[in-house]
Amino acid sequence: MTNNLKESKKRTQIFLLARGKKCPSSFFSLRPRIVSSKKQLSESVRSATKDSLWVSYEEELTNDLMRLTSKSNIHLGNGLLIHPLDMNSIPVLTSLFDRLAFEANGGFLPPQELAEVFESENRSDLFIGGSVNSNTETITFWRGNLRSLTVPFDTFPKSGDGTELDFEKCTVIDSGLTVQLGDYEAAVEAILYEYDSEFRRRLSKKRLQDDQSFGASLRRLRKQRGLRREDFEPDICAKTIARIEQGKVSRIQKRTLGVLSSRLGVMPEEIESF
Amino acid sequence: MAFNFPLPLSLRKARWKMKIRDKEIREHPHVTIIRGTVFWRVNLRTWEFMENDPDPALIPKELIKILSREETRQQ
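Protein chains in written order, with my numbering: chain Y, 1 to 274; chain L, 1 to 75.
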C-alpha cells in the first residue's frame, strides 16, 4: 500500500549461503545462487555487484566470506544474516556490506514470507524482522530493502481494551505487514506513517487518488482545472469548498452544486466521475 | 487485543486473513483483509472497500460472503 507503492522492478541477484536441509526451498522462485562451499563463495564474490543481496543461514559460510574478502577492499551489496552472530564480526561486516541486517534480540520472518517480501515490489514498505532493546526501550525494525527503522516503545499506545503490550514477544507477521507484541498487533504502515516522511507523502498521494468520495472527486477536478478554493468566491466561500472536499458536508445544496458545475464546466452529476 | 475473524480452513490454507489490529493509521475504523504481502481495507462504518487498488475482485467470493454476514450482524 502501501500495496502498490512500487519500487524498481529490477531483479536483485541473491546469494543464498546455506547447506543441506538448512537451504530454504521457498527462495528458489527468486532464482538465487546457492552457495555452500568455499569455492562457490569465491566465485560469487567475483560476480557480486553493489545491488547484490547475500542471505546467510550458515554462520560458518559467513565467517568464510569474511576471511575470503579480508584482503580486498570490496563491497558486496547488502547482507542479511539469519544465524547467531559474534558481535565482534559487526565492524568487518559493516565494511563489507552497504546495508546489514542481523539477528540480535529478535528474529526474522520465516523463509517463505521472507522470500515473498523480497519478491514484492513494495518491499521497502514491509518489515522482515525486529530487534528489541529493553535498555533504551526501542525496537529496531529491518525493512525489506534492509534499511533499519528504530522506534521507541511508546509508538505503541495501549489499545482500548487495555491489552498489555509484551515487548519480549516482538515478532513481525503477515509477510511483513504486521508487528505483533504478544496479543497486541500494529499495522506496519501505521509505524511507517509516523516515522518515514517519504512514505507518508507517497501514501497520502495514493489515498487521495483512490478516494472515491464526492469531495475527493471535486478536489481532483478543481486541481485539474487549475482553480483555487478562493476562485469560487463570492458564490461559495473557500471554507465551504474545503469542507465539501474533506467530506464534512453531508448534503450539498442545489445552488452550490450549480455554481460548482458551471465553474468547473461539467454537468453536476459528472463531478463524481473525476 | 487484535481481533482475527475466524475463517474456514480452505481460506486459511490459501493464506487469507481478516483482522482488526490495535494500531492503525488514524483514519476510519477498518477491517484488514490480508493475503501474503497484499492487503485490502474495508471501512467498518460503510462496509465499502477504502481503495480500488488492489482490486477487491481478487478476494474470493467465500470471504466476501463472510464480510457481508459480518456487516448484517453489525447492523
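Virtual Cβ for every residue (Gly too), placed ideally from N, Cα, C.
Worksheet entry | Short-range partners of chain Y found in the segment 44-58 of chain L, where Cβ spacing is below 7 Å | E51, N52, D53, P54
Worksheet item: Exposed or buried, which one is I59 (chain L) when buried takes at least 16 other CB atoms within 10 Å?
Response: buried
Discussion item. Once the 5 residues before and after V266 (chain Y) are set aside, which same chain residues still bring their CB inside 6 Å of it?
Written reply: none
Discussion item. Can you tell me which residues form a DSSP beta bridge with S56 (chain Y)?
Written reply: Looking at the DSSP assignment, S56 (chain Y) forms a beta bridge with Y:L17, Y:L81.
Worksheet item: Along the segment 186-199 of chain Y, what residues have a CB closer than 7 Å to any CB found in chain L?
Response: A186, A187, E189, A190, Y193
Worksheet entry | Beta-carbon neighbours of G176 (chain Y), restricted to chain L and to distances below 7 Å | T37
Item to complete: Check whether the segment 151-169 of chain Y touches the segment 114-126 of chain Y, taking contact to mean three or more Cβ pairs, one atom from each stretch, closer than 8 Å.
Response: no
Worksheet entry | Own chain, CB closer than 7 Å to S8 (chain Y), minus 5 neighbours either side, in chain order | Low confidence applies to S8 (chain Y): its pLDDT is 47, below 50, so where it sits in the model is not reliable enough to give any reading.
Item to complete: Could you spell out the range, first to last residue, of the alpha helix (DSSP H) harbouring S262 (chain Y)?
Response: Counted as a single uninterrupted DSSP element, the alpha helix (DSSP H) harbouring S262 (chain Y) occupies residues 254-264.
Fill in: Straight-line gap, G112 (chain Y) to D125 (chain Y) (C-alpha atoms, nearest Å)
Before going on, a small fix: residue 112 (chain Y) reads as Gln here, not Gly. Distance between the alpha carbons of Q112 (chain Y) and D125 (chain Y) is about 18 Å.
Practice prompt. Please classify A2 (chain L): does DSSP put it in a helix, a strand, or coil?
Written response: coil
Worksheet entry | Given S10 (chain L) as reference, the closest of L:M18, L:E62, L:G36 once Cα atoms are compared | Measuring from the Cα of S10 (chain L), the nearest candidate turns out to be L:E62.
Discussion item. Suppose you measure from the CA of F214 (chain Y) to the CA of I271 (chain Y); what does that come to, to the nearest Å?
Written reply: 7 Å
Fill in: Cross-chain neighbours of T163 (chain Y) in chain L, by beta carbon under 9 Å
M1, A2, D22
Fill in: Proximity to L181 (chain Y) [Cα-Cα], best of Y:G129, Y:R243, Y:N73, Y:L30
Y:G129
Worksheet item: How many angstroms separate the CA atom of L221 (chain Y) from the CA atom of G36 (chain L)?
Response: 35 Å
Practice prompt. Return the chain-ordered list of same chain residues with a C-beta closer than 7 Å to the C-beta of Y195 (chain Y), the five sequence neighbours on each side being excluded.
Written response: L149, V151
Worksheet item: Starting from G129 (chain Y) and walking both ways along the beta strand (DSSP E), at which residues does that stretch end?
Response: 127-133
Worksheet item: If you scan the segment 180-260 of chain Y from start to end, which runs of the beta strand (DSSP E) of 3 or more residues do you find wholly inside it?
Response: 184-187
Worksheet item: Between M156 (chain Y) and I33 (chain L), what straight-line distance do the alpha-carbon atoms span, to the nearest angstrom?
Response: Reading the sequence as shown, one finds Phe at residue 156 (chain Y) and not Met. Their backbone Cα atoms lie some 22 Å apart in a straight line.
Item to complete: May I have the straight-line CA-CA distance separating R251 (chain Y) from I241 (chain Y), to the nearest angstrom?
Response: The C-alpha of R251 (chain Y) lies about 13 Å from the C-alpha of I241 (chain Y).
Worksheet entry | Proximal residues, the segment 35-69 of chain Y versus chain L, C-beta separation under 8 Å | The residues in question: there are none.
Fill in: Under the three-state DSSP convention, the category L5 (chain Y) falls into
In this prediction, L5 (chain Y) has a pLDDT of 42, which is less than 50 and means its spatial position is unreliable; what the coordinates show is noted afterwards. Three-state DSSP puts L5 (chain Y) in coil, outside helix and strand.
Worksheet item: Does I25 (chain L) get closer than 8 Å to chain Y when you measure Cβ to Cβ?
Response: yes
Practice prompt. Take Y184 (chain Y) as the anchor and find which of L:A14, L:K23, L:L7, L:R12 has the nearest alpha-carbon.
Written response: Residue L:K23 is the option with its Cα nearest to Y184 (chain Y).
Worksheet item: Would you call the segment 59-77 of chain Y and the segment 22-33 of chain Y touching, i.e. three or more CB-CB distances under 8 Å?
Response: no
Worksheet entry | Neighbour-count burial assignment, F3 (chain L), 16 or more Cβ in a 10 Å radius | exposed
Worksheet item: By the 10 Å Cβ neighbour count, where 16 or more other Cβ atoms means buried, how is G79 (chain Y) classified, buried or exposed?
Response: Around the beta-carbon of G79 (chain Y), 16 or more other beta-carbon atoms lie within 10 Å, marking it buried.
Discussion item. Against F156 (chain Y), what residues of chain L qualify as contacts under a CB-to-CB distance less than 9 Å, listed in chain order?
Written reply: Under the 9 Å cutoff, chain L gives D22, K23.
Discussion item. I'd like to know if I34 (chain L) contacts chain Y, where contact means its C-beta is closer than 8 Å to some C-beta of that chain.
Written reply: yes
Discussion item. On the DSSP bridge list, what partners appear for V45 (chain Y)?
Written reply: DSSP lists no partner for V45 (chain Y).
Worksheet item: Which word fits I90 (chain Y), buried or exposed, when buried means at least 16 other C-beta atoms lie within 10 angstroms of its C-beta?
Response: Per the 10 Å Cβ criterion, exposed.
Discussion item. Which same chain residues end up closer than 6 Å to Q209 (chain Y) when comparing Cβ atoms and leaving out the 5 residues on each side of it in sequence?
Written reply: none
Fill in: Backbone CA spacing between S217 (chain Y) and F108 (chain Y) [nearest angstrom]
42 Å
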